[in-house]
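Undergrad:
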Amino acid sequence: MTTRRPLVTALLIPLAGCQLIFKLSDVPVDGSPGDDGGGDDGVVEQPCWDEGLTNNEDLDLEVDGCDNCPAIKNDGQANADGDEVGDACDPHPNLDDEILYFEGFSNLGASSAWQTKGGNWQIQDGQYKQLLSAGDAVAVHGGLYTNATVEIFYSGVDDPTTGIKQAGAYLWTVSQTPMSQTPPGVRCFESRKQGGDQLVIRDEPNTFEVPVQLPGDRALTTRLRIVSKPEGFENMIYCEARRGDKTLAPIMSGHLSSPGYVALHTTGTRINVHSVFVTALKSDE
Ligand SMILES: [Ca+2]
Ligand SMILES: [Ca+2]
Ligand SMILES: [Ca+2]
Ligand SMILES: [Ca+2]
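The sequence shown begins at 38 in the numbering used here and counts up by one.
#1: In whole angstroms, what separates the C-alpha of C126 from that of R239?
#2: Can you say whether N93 is buried or exposed, counting buried as having 16 or more other CB atoms within 10 angstroms of its CB?
#3: For ligand 2, any of its heavy atoms closer than 7 Å to the Cβ of C85?
#4: Run through DSSP, which three-state label would C106 get?
#5: For A174, which residues in the same chain have their Cβ closer than 6 Å to its Cβ, ignoring the five residues on either side in sequence?
#6: Should D133 be counted as a contact of ligand 4 given a C-beta to heavy atom distance under 7 Å?
#7: Please report the residue range of the beta strand (DSSP E) in which F142 lies.
#8: Would you please state the rounded distance, in angstroms, between the beta carbons of Y138 and V315? I believe it to be under 8 Å.
#9: Taking the alpha-carbon positions, what's the K96 to A206 distance?
#10: I need the DSSP call for S192, collapsed to helix, strand or coil.
#11: Tell me the rounded alpha-carbon separation between I288 and T186.
#12: To the nearest angstrom, how far is it from the Cα of V264 to the Cα of P128?
#13: Whole angstroms are fine: how far does the CA of Q203 sit from the CA of R280?
#14: Taking D124 as the reference, give the member of G141, D104, S143 with the closest Cα.
#15: Does DSSP put Y182 in a helix, in a strand, or in coil?
#16: In the DSSP assignment, what are the bridge partners of E277?
#17: Is it buried or exposed, S149, if we count other Cβ atoms within 10 angstroms and call 16 or more buried?
#18: Taking 7 Å as the cut-off, is the CB of V177 close to at least one heavy atom of ligand 3?
#19: Where does the unbroken beta strand (DSSP E) through L301 begin, and where does it stop?
#20: Could you give the DSSP three-state label for D127: helix, strand or coil?
#21: Identify which residue in G297, G141, S312 has its Cα closest to the Cα of N184.
#22: Looking only at its chain, what residues have a beta carbon closer than 8 Å to the beta carbon of P130, apart from the 5 residues adjacent to it on each side?
#23: Among residues of its own chain, excluding the 5 on either side of E246, which ones have a beta-carbon nearer than 7 Å to its beta-carbon?
#24: Is G110 near ligand 2, going by C-beta to nearest heavy atom under 7 Å?
#25: Per DSSP, what are the beta-bridge partners of D358 in this structure?
#26: Cα separation between G179 and V310?
#27: At a cut-off of 7 Å, is V237 close to ligand 3 when judged by its beta-carbon and the heavy atoms of the ligand?
Okay, structure coming up:
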């Protein structure tokens with residue numbers, strides 16, 4: 038899991054004396070000890086949320102573990118509500134969110150966090166790729182999340198000919214064995230049926246096929262966001278598909294307040310997953 042600065046502070050100050058107090062101040066400024074070293078960016082930095090993540094997925098000024106939105110270029114790190122998640126990817130602009138997980142697949146060992154069933158899942162070129170174009174393929178992340186927001190960037194879905202091709206993601210309830218064939222929970226898919234693109238939301242046993250045709254340009258990366266909001270708060274989940282900053286189809290369905298896994302799923306199609314990002318409202322909210 039993440040290494041958080043407050044814990045390091047507690048361990049080191051008694052050993053090393055006052056010299057480290059400045060280093061471990063809570064808001065390191067650019068160029069000072071504690072800055073992430075991401076360049077002369079001139080902005081007041083937040084503490085890194087995971088100092089072990091040193092790749093820079095989005096090529097902005099902050100490495101992944103010091104970036105408040107690791108998959109979206111946001112040089113200024115704007116963050117209006119002052120929580121751990123930057124404006125560019127904050128699902129609750131006025132509530133206290135925290136970052137639970139980011140995977141940019143920048144190292145081969147990243148695959149060890151995922152169980153797979155079907156398909157041929159490989160980390161190549163900084164992406165998690167499902168390389169077969171037939172059959173069902175699932176990859177499940179071992180983390181367990183409640184009231185989570187999951188953002189997945191992916192591309193490379195096959196051009197359709199006939200039949201049903203789908204690529205998407207789940208929040209997968211823990212009551213089900215992770216590798217079972219038909220898990221309950223909320224799923225968002227992009228699908229193609231006889232050449233048409235559409236977004237499909239399933240909150241078992243219900244299925245919503247969204248009457249919005251998505252652009253068919255597969256050269257663009259799709260951002261798929263799944264939000265599980267707390268029961269009693271808004272009592273909703275929504276899924277939305279985006280390309281770039283454009284929201285294509287925001288959808289409302291039922292709630293999922295029980296813990297769940299994050300899963301990737303393809304049917305009859307290849308996919309290149311660029312990153313997976315999980316945030317949640319802080320549990321004391
Ligand atoms: Ca970055
Ligand atoms: Ca960023
Ligand atoms: Ca924020
Ligand atoms: Ca927030």
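From the three backbone atoms N, C-alpha and C, an ideal C-beta is built for every residue, glycine too.
Note that the coordinates shown come from a computational prediction; the quantities given were computed from them, not determined experimentally.
TA: Checking against the coordinates, here is how it stands:
#1: Start at 1 with the first residue of the sequence shown, and residue 126 comes out as number 89. Start at 1 with the first residue of the sequence shown, and residue 239 comes out as number 202. The alpha-carbon atoms of C126 and R239 are separated by roughly 23 Å.
#2: Working through the sequence shown from its first residue, we reach residue 93 at position 56. Label assigned to N93: buried.
#3: Residue numbering aside, residue 85 sits at position 48 when the sequence shown is read from its first letter. Checking the Cβ of C85 against ligand 2 gives no.
#4: Position 69 of the sequence shown, counted from the first residue, corresponds to residue 106. Correct three-state label for C106: coil.
#5: Position 137 of the sequence shown, counted from the start, is the residue given in the question as residue 174. So the list reads G155, G156, Q167, T303, once near-sequence residues are dropped.
#6: Position 96 of the sequence shown holds residue 133. Checking the Cβ of D133 against ligand 4 gives yes.
#7: Mapped onto the sequence shown, residue 142 falls at position 105. Looking at the DSSP string, F142 is not in any beta strand (DSSP E), and its letter there is neither H nor E.
#8: Along the sequence shown, read from residue 1 onward, the residue named residue 138 stands at position 101. Along the sequence shown, read from residue 1 onward, the residue named residue 315 stands at position 278. Yes, Y138 and V315 are in contact; Cβ-Cβ is about 4 Å, under 8 Å.
#9: Translated into positions along the sequence shown, residue 96 becomes position 59. Translated into positions along the sequence shown, residue 206 becomes position 169. Residue identity check: residue 96 is Leu in the sequence provided, not Lys. So the alpha carbons of these two residues sit roughly 25 Å apart.
#10: One-based indexing of the sequence shown puts residue 192 at position 155. Of the three classes helix, strand and coil, the one that applies to S192 here is strand, per DSSP.
#11: Position 251 of the sequence shown, counted from the start, is the residue given in the question as residue 288. Position 149 of the sequence shown, counted from the start, is the residue given in the question as residue 186. Cα to Cα, I288 sits roughly 14 Å from T186.
#12: Taking the sequence shown and counting its residues from 1, the one referred to as residue 264 is at position 227. Taking the sequence shown and counting its residues from 1, the one referred to as residue 128 is at position 91. Their Cα atoms are separated by approximately 8 Å.
#13: What you label residue 280 is simply residue 243 of the sequence shown in a count that begins at 1. What you label residue 203 is simply residue 166 of the sequence shown in a count that begins at 1. Going from the Cα of R280 to the Cα of Q203 covers about 17 Å.
#14: The residue given as residue 124 occupies position 87 in the sequence shown. Ranking G141, D104, S143 by Cα distance to D124 puts D104 first.
#15: One-based indexing of the sequence shown puts residue 182 at position 145. In the structure shown, Y182 sits in a strand (DSSP, three-state: E or B).
#16: The residue labelled residue 277 in the question sits at position 240 within the sequence shown. Bridge partners of E277: R262.
#17: Taking the first residue of the sequence shown as 1, we reach residue 149 at position 112. The residue is exposed, with fewer than 16 neighbouring Cβ atoms inside 10 Å.
#18: Residue 177 sits at position 140 when you count from the first residue of the sequence shown. No, the beta carbon of V177 sits no closer than 7 Å to any heavy atom of ligand 3.
#19: Counted from its first residue, the sequence shown places residue 301 at position 264. It spans 297–304 - the beta strand (DSSP E) in which L301 sits, taken as one unbroken run.
#20: Working through the sequence shown from its first residue, we reach residue 127 at position 90. D127: coil per DSSP, three-state reduction.
#21: Residue 184 sits at position 147 when you count from the first residue of the sequence shown. If we check each option's Cα against that of N184, G297 comes out closest.
#22: Along the sequence shown, one-based indexing puts residue 130 at 93. Closer than 8 Å at Cβ, skipping near neighbours: A117, D118, D124.
#23: Within the sequence shown, the letter at position 209 stands for residue 246. Q235, V237.
#24: Within the sequence shown, numbered from 1, the residue matching residue 110 stands at position 73. According to the sequence displayed, residue 110 carries Lys and not Gly. Yes, Cβ of K110 sits closer than 7 Å to a heavy atom of ligand 2.
#25: This structure cannot speak to residue 358, because the chain is shown only from 38 to 322.
#26: What you label residue 179 is simply residue 142 of the sequence shown in a count that begins at 1. What you label residue 310 is simply residue 273 of the sequence shown in a count that begins at 1. Rounded to the nearest angstrom, the two C-alpha atoms are 17 Å apart.
#27: Here residue 237 is taken as the residue at index 200 of the sequence shown, counted from 1. No, the Cβ of V237 stays beyond 7 Å of every heavy atom of ligand 3.
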